[in-house]
DNA sequence: ATGGCCAATTTTATTGGA
């Protein structure tokens, strides 16, 4: 199973690029974030014609997450299912070929002194509780835009980002806590070096200067992660006409029908 | 080359992204 995650930054603005990438790359399962559209606006027909089913949790203008898969997507749920705020479409789960797949779009946080950052921290608490409620002995992957830089290898200009809403001691500790639950950062399982990023700012020549961050992650339980054979970042997707500011990140597993 | 923000919106400025 080739599993991918991609913050696409508007599926309507990126439809042609997404379809070209699906055709060329042929991932089995794709977790998407920042659809920026409602379910009514989602291009189901084009995705289906490309050979994929889609489970979509949409929202007008902001957020929005989906799972695309070549195989049926079963037992789809949206949100955390707790008693917290569900007005922002940031989580969708489904089962594909016996593996539980979760697509997440973690809150950005804007500034550390903002209400949005408070919401980010509270949301991460809910994420942890949500995961703790799953069977982590079973095959499961939770993939998406975490808006967290796990460690210094994952940032090009440490001084510029340290202490901000994406990279600080509290967040790296919270990320490690997810790993302490038993989840594996599947990209790091195959690549230990720094300088490999999944996001570059549109502004200030972020990509040409490689001022990047690794903030998009595929975490998996050992039952699944132990079968992974390689991981990739499709850096070329950040090039050319109308790119998303994120590149797709992928992990190959010896799991399922592929 | 990969190039100096981009996308959506009850649009002509504002909000959010990271």
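In my numbering, the protein residues as written are 1 to 258.
Glycine residues also receive a C-beta, built at the ideal position from the N, C-alpha and C atoms.
Bear in mind that the values here come from a model prediction, so they are computed numbers and not experimental data.
Checklist entry - Under the three-state reduction of DSSP, which class applies to residue 80: helix, strand or coil? => result Judged by DSSP in its simplified three-state form, residue 80 adopts coil rather than helix or strand.
Checklist entry - In the structure shown, what three-state DSSP assignment does residue 270 receive? => result Past the boundaries of the shown model lies residue 270; the chain is included only from 1 to 258, so the question cannot be answered.
Item to check | Option nearest residue 80 by Cα separation, candidates 26, 133 and 152 | outcome: Of 26, 133 and 152, the residue nearest in Cα terms is 133.
Checklist entry - Comparing the CB of residue 84 with every heavy atom of the ligand COA, is any distance shorter than 7 Å? => result The ligand COA is not part of the structure shown, which contains no ligands of any sort.
Checklist entry - residue 244 and residue 7: beta carbons closer than 8 Å? => result At the C-beta level, residue 244 and residue 7 come within 8 Å of one another.
Item to check | Contacts around residue 210, its chain only, beta-carbon distance under 8 Å, and the 5 residues preceding and following it disregarded | outcome: Correct list, in chain order: 156, 195, 197 and 200.
Next on the checklist: Short of 7 Å in beta carbon distance, which residues of its chain neighbour residue 207, apart from the five on each side in sequence? Order them along the chain.
Outcome noted: Counting only Cβ-Cβ distances below 7 Å, and skipping sequence neighbours, we find 200 and 238.
Item to check | Segment contact flag, the stretch 88-98 with the stretch 56-67, C-beta cutoff 8 Å, min 3 pairs | outcome: The stretch 88-98, when compared against the stretch 56-67, does touch it at the 8 Å Cβ threshold.
Checklist entry - Going by beta carbon distance, what residues of the same chain come within less than 8 Å of residue 23, once the five residues before and after it are set aside? => result Around residue 23: 50.
Checklist entry - Does DSSP put residue 20 in a helix, in a strand, or in coil? => result Under the three-state reduction of DSSP, residue 20 is assigned to helix.
Checklist entry - The beta strand (DSSP E) with residue 232 in it runs from where to where? => result First-last of the beta strand (DSSP E) with residue 232: 228-233.
Item to check | First and last residue of the uninterrupted alpha helix (DSSP H) at residue 127 | outcome: Taken as a continuous stretch (DSSP letters only), the alpha helix (DSSP H) holding residue 127 covers 115-132.
Next on the checklist: Suppose the cutoff is 7 Å on Cβ atoms and the five residues either side in sequence are ignored; what does the same chain contact list for residue 47 look like?
Outcome noted: Here the set comprises 54 and 68.
Next on the checklist: Just to confirm the assignment, what range does the alpha helix (DSSP H) spanning residue 42 have?
Outcome noted: Per DSSP, residue 42 belongs to no alpha helix (DSSP H) and is neither H nor E.
Checklist entry - Count the other CB atoms within 10 Å of the CB of residue 179; is the residue buried (16 or more) or exposed (fewer)? => result Residue 179 is exposed by the Cβ-count criterion.
Checklist entry - Is residue 147 buried or exposed, if buried means 16 or more other CB atoms sit within 10 Å of its CB? => result Classification of residue 147: buried, given that the 10 Å Cβ count is 16 or more.
Checklist entry - In angstroms, rounded to a whole number, what distance separates the CA positions of residue 189 and residue 84? => result So the two alpha carbons sit approximately 34 Å from each other.
Next on the checklist: Taking the alpha carbon of residue 15 as the reference point, which residue from 241, 256, 164 and 169 has its own alpha carbon closest?
Outcome noted: Nearest option by C-alpha distance: 241.
Checklist entry - Cα separation between residue 1 and residue 222? => result If I take the Cα positions, the gap works out to 15 Å.
Item to check | residue 33 burial status per 10 Å Cβ neighbour count (16 or more: buried) | outcome: If you draw a 10 Å sphere on the C-beta of residue 33, you find 16 or more other C-beta atoms in it, and that means buried.
Item to check | Cβ pair residue 99, residue 140 closer than 8 Å | outcome: The Cβ atoms of residue 99 and residue 140 lie closer than 8 Å to each other.
Checklist entry - Under a three-way DSSP split, which group does residue 187 fall into? => result The answer is helix: DSSP assigns residue 187 an H, G or I state.
Checklist entry - Do you know how far the Cα of residue 11 is from the Cα of residue 215? => result The alpha-carbon of residue 215 is positioned some 20 Å away from that of residue 11.
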